[in-house]
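Below is one structure, written out as structure tokens, with a few remarks after it.
Next comes the structure, spelled out in structure tokens:
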């Protein structure tokens, strides 16, 4: 059995590496992590919009490129190698979790994610409780929570989708020893959310992390 990368996957690796070399030297990385946002919006638009890599593991119906998880792993590996200050990991995990759970909602909201116009994050919230369609509680260490426009929340009652700027949502970036990693604390106080999956879907989403 051949476990080597295909020619297309080798080219994918080179494309991400070239982007990092051209647009994210060490001096630029230090500048970005010291900035208020902690991420590079221009680099994110190039990675997601120009190269289409935010949607590499999504289906064409969701605006993606029907790539495999190996393709996604190559992109994430190269992004990690260069410490790219973009919300790639959080966005791709949240997007895949949503698409696997609710195809209709995915087709509605994920094309904007696939182009980089919208960033997303998966919130693992065992302490988040639901009352109807409202969520209350908090979650720490949310990967790429700060730049996220959409939050996919996994709790004991299921999987939920909500706007990061909605009433009752507070997203506060967290300081960590790993300055190149973006984390946030998410607090919800009666925030209105859309149910997009059952408890099994929530558990499957958490497994993606």
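Residue numbers (this note's numbering): 175 to 383.
For every residue, glycine included, the Cβ atom is placed at its ideal position computed from N, Cα and C.
Subject >> Whole alpha helix (DSSP H) elements within the region 254-304, 4-residue minimum >> reply: Fully enclosed alpha helix (DSSP H) runs of 4 or longer: 262-275, 277-288.
**OP:** Could you tell me the distance, in whole angstroms, from the CA atom of residue 325 to the CA atom of residue 277?
**Re:** Counting from 1 along the chain shown, the entry for residue 325 is found at position 151. Counting from 1 along the chain shown, the entry for residue 277 is found at position 103. Residue 325 and residue 277: Cα-Cα distance of roughly 17 Å.
Original post:
Is the beta carbon of residue 322 sitting closer than 8 Å to the one on residue 380?
Top reply: Sequence index remark: in the chain shown, residue 322 carries index 148 (1-based). Sequence index remark: in the chain shown, residue 380 carries index 206 (1-based). Taking 8 Å as the Cβ cut-off, residue 322 and residue 380 do not qualify as a contacting pair.
Original post:
Any chance the region 219-229 sits against the region 284-295, with 3 or more Cβ pairs inside 8 Å?
Top reply: yes
Original post:
Which first and last residues belong to the beta strand (DSSP E) in which residue 346 is found?
Top reply: Counted from its first residue, the chain shown places residue 346 at position 172. Segment 343-348, the beta strand (DSSP E) holding residue 346.
Subject >> Nearest neighbour of residue 193, chosen from 286, 217, 205 [CA to CA] >> reply: Numbered from its first residue, the chain shown carries residue 193 at position 19. Checking every option, the nearest Cα to that of residue 193 belongs to 217.
Original post:
When the Cα atoms are used, what is the spatial distance from residue 307 to residue 367?
Top reply: Taking the chain shown and counting its residues from 1, one reaches residue 307 at position 133. Taking the chain shown and counting its residues from 1, one reaches residue 367 at position 193. The straight-line gap from Cα to Cα measures roughly 6 Å.
Original post:
Around the Cβ of residue 382, are there at least 16 other Cβ atoms within 10 angstroms (buried) or fewer (exposed)?
Top reply: Within the chain shown, residue 382 is the residue found at index 208, counting from 1. Exposed is the call here.
Original post:
Can you find at least 3 beta carbon pairs, one from the region 248-259 and one from the region 182-189, that sit closer than 8 Å?
Top reply: Put simply, the region 248-259 touches the region 182-189. At least three CB pairs are less than 8 Å apart.
Subject >> Rounded separation between residue 198 and residue 258 - CA only >> reply: For the purposes of this step, residue 198 is taken as the residue at position 24 of the chain shown. For the purposes of this step, residue 258 is taken as the residue at position 84 of the chain shown. Cα to Cα, residue 198 sits roughly 7 Å from residue 258.
Original post:
Taking residue 332 as the reference, which of 298, 318, 348 has the closest Cα?
Top reply: Stepping through the chain shown from its first residue, residue 332 is reached at position 158. Looking at 298, 318, 348, the one whose alpha-carbon comes closest to that of residue 332 is 298.
**OP:** Can you say whether residue 265 is buried or exposed, counting buried as having 16 or more other CB atoms within 10 angstroms of its CB?
**Re:** For the purposes of this step, residue 265 is taken as residue 91 along the chain shown, with counting starting at 1. Burial call: buried.
Original post:
With distances taken between CB atoms, is the gap from residue 356 to residue 212 smaller than 8 Å?
Top reply: Numbered from 1 along the chain shown, position 182 holds the residue referred to as residue 356. Numbered from 1 along the chain shown, position 38 holds the residue referred to as residue 212. Yes, Cβ-Cβ distance for residue 356 and residue 212 is below 8 Å.
Subject >> Span separating the alpha-carbon of residue 337 from that of residue 201 >> reply: Mapped onto the chain shown, residue 337 falls at position 163. Mapped onto the chain shown, residue 201 falls at position 27. Cα to Cα, residue 337 sits roughly 33 Å from residue 201.
**OP:** Can you have a look at residue 301 and say buried or exposed, based on whether 16 or more other CB atoms are within 10 angstroms of its CB?
**Re:** Translated into the one-based positions of the chain shown, residue 301 becomes position 127. It is exposed - the Cβ of residue 301 has fewer than 16 other Cβ atoms within 10 Å.
Subject >> DSSP state of residue 330 mapped onto helix, strand, coil >> reply: Residue 330 sits at position 156 when you count from the first residue of the chain shown. Residue state, collapsed to three classes: coil.
Subject >> Beta bridge counterpart(s) of residue 320 as assigned by DSSP >> reply: Position 146 of the chain shown, counted from the first residue, corresponds to residue 320. For residue 320, which the question treats as bridged, DSSP gives no partner whatsoever.
**OP:** Determine the direct distance from the alpha carbon of residue 196 to that of residue 243, and round the result to whole angstroms.
**Re:** Within the chain shown, the letter at position 69 stands for residue 243. Within the chain shown, the letter at position 22 stands for residue 196. Straight-line Cα distance between these residues: approximately 26 Å.
Subject >> is_contact[residue 252, chain D] using C-beta, thresh 8 Å >> reply: Although the question refers to chain D, the structure presented lacks it and comprises just one protein chain.
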